[in-house]
Amino acid sequence: RSFGDGGHICLATDGKLLWIATEGKQSFIYRVDVATGKFAPWSATAKDAEGKDYPILELVVSDQPGFKDGKLNLSAIALRNGVLAVCLARENRISLRDAETGVEKGTLTVEDPRAAVFDDDKNLVVLSKDGLKRVALDGTVTPFAEGSFPAGYGLAVDSNRHVYLSVRGADHNVKVFSPDGPSTGSGQAGQARLVRE
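Counting from 113, one number per residue, gives the positions in the sequence shown under the numbering used here.
Here it is as structure tokens:
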């Protein structure tokens, strides 16, 4: 969508639509129909220079430039039950958006949110500057797991609410956490094989 202006991409899907977040001079999200590969405009509209409504394809979520001073801004997105959580790392916030209209419904204050995943309908597990936190949609922040993960990169959750953290650097593996936060295993350093503790 923006050749030569960006490169970092985040994805989320409900199986029918794919939300694609990217950044360059601005940070924006667009949607694609999984079955057809065609753009799926947001249901909200904007007005052109003549005052006529047109469907929004690219929803701008931040006017800040993407990669700046060695750090991303739009670092991750997460989706659940019609809520799209947009991590804006340099802005120290997570924008909560309606996944159909794109309208911002709220914002959560989190220092340097680098990755996020919904682990239930009302909570996100967030990789932040200070490690893994559980952040409720009402803004309440509680610790999720002990330790910091400076090389942490991405988060996922399974049907049993186990949380998976991909880690770069020396570990270069995946760490697994129970729904309440304690570690239940990790891959061997530099290898894909999972070891349960």
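Glycine included, every Cβ here is placed at the ideal spot set by N, Cα and C.
So residue i packs on residue j, CB below 8 Å; how close in whole Å?
i: residue 171; j: residue 154; result: 6 Å
i: residue 276; j: residue 268; result: 5 Å
i: residue 186; j: residue 173; result: 7 Å
Any idea if residue i is buried or exposed, counting beta-carbon neighbours within 10 angstroms, 16 or more meaning buried?
i: residue 220; result: buried
i: residue 309; result: With a pLDDT of 46 at residue 309, under the threshold of 50, the predicted position of this residue should be treated as unreliable, and no value is reported.
i: residue 206; result: buried
i: residue 304; result: For residue 304, the predicted model reports a pLDDT of 47, less than 50, meaning its position is unreliable; a value from the coordinates is still stated below. So residue 304 counts as exposed.
i: residue 230; result: buried
i: residue 56; result: The chain is shown only over 113 to 309; residue 56 falls outside these bounds and no answer can be derived.
i: residue 134; result: buried
i: residue 307; result: Here the model assigns residue 307 a pLDDT of 46, short of 50, so the residue's position is not dependable, and the following value carries that caveat. Exposed is the call here.
i: residue 127; result: exposed
i: residue 272; result: exposed
Please determine, among the options, the residue with the shortest C-alpha to C-alpha distance to residue i.
i: residue 175; options: 140, 206, 164, 148; result: 140
i: residue 295; options: 162, 256, 264; result: 256
i: residue 214; options: 158, 272, 251, 262; result: 158
i: residue 156; options: 252, 274, 166, 121; result: 166
i: residue 180; options: 120, 252, 253; result: 120
i: residue 254; options: 283, 274, 222, 282; result: 222
i: residue 274; options: 259, 283, 282, 293; result: 293
Can you give me the Cβ contacts of residue i inside the same chain, cut-off strictly under 8 Å, excluding the 5 residues immediately before and after it?
i: residue 125; result: 131, 146, 191
i: residue 261; result: 239, 243, 244, 277, 279, 287
i: residue 270; result: 276
i: residue 150; result: 144
i: residue 182; result: none
i: residue 212; result: 154, 155, 194
Please go through the same chain and pick out, in chain order, the residues whose beta-carbon is closer than 6 Å to the beta-carbon of residue i, but skip the five residues on each side of it.
i: residue 228; result: 188, 190, 197, 199, 236, 238
i: residue 218; result: 208
i: residue 290; result: 296
i: residue 224; result: 201, 240, 241
i: residue 142; result: 132, 169, 170
i: residue 298; result: 285, 287
i: residue 204; result: 223
i: residue 251; result: 220
Within its chain, find whatever has a CB closer than 7 Å to the CB of residue i; leave out the 5 residues flanking it on each side and keep chain order.
i: residue 210; result: 194, 217
i: residue 248; result: 234, 235
i: residue 152; result: 129, 143, 144, 145
i: residue 265; result: 227, 278, 279, 280
i: residue 160; result: 166
i: residue 259; result: 243
i: residue 148; result: none
Scan the segment 117-195 and note each continuous beta strand (DSSP E) run of 3 residues or more that stays entirely inside, going in chain order.
The segment 117-195 is shown to contain whole beta strand (DSSP E) runs of 3 or more residues at 121-125, 129-135, 139-145, 157-159, 165-167, 171-174, 186-192, in chain order.
Counting only runs that start and end within the segment 207-235, where is the beta strand (DSSP E) found for 3 or more residues in a row?
216-221, 227-232
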